[in-house]
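Beneath this line is the structure, given in structure tokens, with notes to follow.
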Amino acid sequence: MATETHCPYCSLQCGMRLAGRRTPEVSAWEEFPVNQGALCRKGWAAAGLYGGRERLTSPLVRDRETGEWSAVSWDDALDRVAEGIRAAQASGGPDRVAVFGGGGLTNEKAYALGKLARVALGTSQIDYNGRWCMSSAASAGIRAFGLDRGLPFPLADVEETDVLVLVGSNLAETMPPAARHLDRLRERGGKVVVIDPRRTPTADRADLHLQPVPGTDLALALGLLHLLVAAGAVDTAYLAERTTGWEDVRDSVASWWPERVERVTGIEAHELRALAAMLGRSPRVMVLTARGAEQHSTGSDTVLAWINVALALGMVGRRGAGYGCLTGQGNGQGGREHGQKADQLPGYRRIDDPAARAHVAGVWGVEPDSLPGPGRSAYELLDALGTPDGPSALLVLGSNIVVSAPRATHVTSRLEALDLLVVCDIVMSETAALADVVLPVTQWAEEDGTMTNLEGRVVLRQRAVTPPSGVRSDLEVIAGIAERLGSTASFPTDPEEVFAELGRASAGGPADYSAI
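Numbering (the numbering used here), first residue to last: 2 to 517.
Listed below in structure tokens is the structure:
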């Protein structure tokens, strides 16, 4: 009998079925509304991850002098981790230990990781790889709406708009099952606009493709706003009734006339005017941003400017219109909601909010004053590793830092400067190869857990395959470390029990999962 589960590779969380415990096979799950049975190549090939020769099935420790690896028991490995953590804490306090997570972790793991850092380790030094990208859109969403929610509408609503503007998204290659919505939109007469320096398969589906100089997306959005104001295309009644600060935005774009934008972006003035005219006369306009717009030093401002385009047109809140962010990693939304960011507690609560600290501390059974304050964000954290004032020990879950971090060569040198590097992974990744201890963990279909997809659906990923002997879940690793450090707080290893606790901790917060 096949088990209904979800593909791990992107935030669509496409539904699939897995059958067979030794050599699982993928089949379609037509009833799941997000993908309706469609899968990309990664989804269809997902079962190929099982049984690979590279799979780790025993904890490994590295001799720093010889560089040789030795297989050890789980008890020996966790004892060594705990010993290294205590040594780091003794040398300079709790913040000498850091934790780095990932946007691919389940909600339960992200929650437990944040709890481990704040309660068992007492450190403020925790962040995750979503800080490179989706956090830019999250920051802009909070500034504009007071809420971070990737898509405030189902993805299928794309088909209902009149003009879809994709900023920095190659949807056809990164989320192939979602690309059908572009085709259906065009079939019913809608227009697709792609803003991307590259000619991509998504651009090939577009009615208009603008190719700005890389890094100039912000100037393009400001110039577009300038033209909308000049043409009288803004919805003044909407702006007056439902927004604040419009006058400041209007004044800030006054100097971004089309010829100036052309000099900065390379987009010819007549092309920008054509886009402004298209948006100004369309009853429904939808703007979706993605990594291409976010992964800049001005990523948050860029996304905010595109949000302002949607607001100026009066589109936010209308069916088939508005603004949304196409989150990327498998749990891009849930992964940033439950405590693995430096400034947050579960439920998207701010860690410097006294009421939030009191609520979460009550669920965890600790004193609010015992919780650390905000720590360094992701790059700043990695940049500080191994320095006199930075962490000397690092625990990594769900991230291959050597490959994914900005200034990867520099970050690699910081990892090499640590006294203790612990990596949880399924294979010997580039980051794991630098570690002192590597802990083999279960992968997506070998465990239960929940993920929150780009639409905000909280989906249940059911265990479909028996994990190899010798492998433990990340929740078991977290619990084992907490126990060895003498934590009085409970660290359950059953995902359902962890989810129930997550619900209590998030209750009343901006990301409240308590009724699920």
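Where is the CB? At the ideal position from N, CA and C, for every residue including glycine.
Predicted, not measured: the structure shown is a model, and the values here were computed from it.
Per DSSP, what kind of secondary structure is Asp-426 in: helix, strand or coil?
strand
Gln-345 (DSSP reduced to helix, strand or coil):
strand
Pick out whichever of Arg-274, Leu-183 and Ala-506 has its Cα sitting closest to the Cα of Gly-363.
Ala-506
Cβ-Cβ distance between Thr-58 and Pro-389 below 8 Å:
no
Does DSSP put Pro-441 in a helix, in a strand, or in coil?
strand
How would you write the range of the beta strand (DSSP E) that Ser-28 sits in, first residue to last?
26-29
Residue(s) in a DSSP beta bridge with Val-166
Val-194 and Val-288
Please classify Pro-375 as buried or exposed, where buried requires at least 16 other C-beta atoms within 10 Å of its C-beta.
exposed
Per DSSP, what kind of secondary structure is Gly-246 in: helix, strand or coil?
coil
Below 8 Å on the Cβ atoms is my guess for Asp-128 versus Ala-379; work out the distance and round it to an integer in Å.
4 Å
Of the listed residues Gly-191, Val-120, Pro-177 and Asp-449, nearest to Val-367 (C-alpha basis)
Val-120
Unbroken alpha helix (DSSP H) run spanning Met-135, endpoints:
135-146
On the CB-based measure, 16 or more other CB atoms within 10 Å of its CB, does Leu-183 come out buried or exposed?
buried
Using a Cβ-Cβ cut-off of 6 Å (strictly less than) and excluding sequence neighbours within five positions of Val-166, which residues of its own chain qualify?
Val-194 and Val-288
Of all the options Ala-291, Gly-329, Gly-281 and Gly-321, which has the alpha carbon lying nearest to the alpha carbon of Leu-314?
Gly-281
Below 8 Å, how does it come out for the segment 255-272 and the segment 212-222: are there three or more Cβ pairs, yes or no?
yes
Using the Cα positions of Arg-320 and Pro-153, report the straight-line distance between them to the nearest angstrom.
10 Å
Reference Glu-160; option with closest CA among Asp-149, Ala-311, Lys-192 and Gly-103:
Lys-192
Per DSSP, what kind of secondary structure is Val-159 in: helix, strand or coil?
helix
Counting along the chain, where does the beta strand (DSSP E) carrying Met-452 start and finish?
450-453
Exposed unless 16 or more other CB atoms sit within 10 angstroms - verdict on Pro-407
exposed
Indicate the three-state DSSP secondary structure (helix, strand or coil) for Trp-257 in the structure shown.
coil
Where do the N-terminal and C-terminal ends of the alpha helix (DSSP H) with Ser-393 fall, by residue?
It is not in any alpha helix (DSSP H) - Ser-393 carries neither H nor E in the DSSP assignment.
Contact check, Pro-347 vs Val-361 under 8 Å by CB: the rounded distance?
6 Å
Length of the line joining the Cα atoms of Val-472 and Val-428:
11 Å
Whose C-beta lies closer than 7 Å to the C-beta of Ala-222 among residues of the same chain, with five residues either side of it excluded?
Thr-303, Ala-306, Trp-307 and Val-310
Nearest neighbour of Arg-292, chosen from His-411, Leu-396, Gly-323 and Gly-151 [CA to CA]
Gly-151
Cβ pair count under 8 Å reaching 3, the segment 497-504 against the segment 102-111:
yes
With distances taken Cα to Cα, identify the nearest neighbour of Phe-146 among Met-17, Tyr-324 and Ala-72.
Tyr-324
My understanding is that Arg-101 touches Val-397, with C-beta atoms under 8 Å, so please give their C-beta distance in whole angstroms.
Per the sequence presented here, residue 101 reads as Phe, with Arg not at that position. Contact flag correct, Cβ pair sits at about 5 Å.
Does the separation of the CB atoms of Leu-50 and Arg-485 fall below 8 Å?
no
Just verifying my parser: in three-state terms, what is the DSSP assignment at Arg-65?
coil
Look at Val-254 and His-227 and say whether their C-beta atoms are less than 8 Å apart.
yes
Cβ pair Leu-421, Ile-402 closer than 8 Å:
no
Do you know offhand how far Trp-30's Cα is from Thr-124's?
43 Å
Reducing DSSP to helix, strand and coil, say where Thr-6 ends up.
strand
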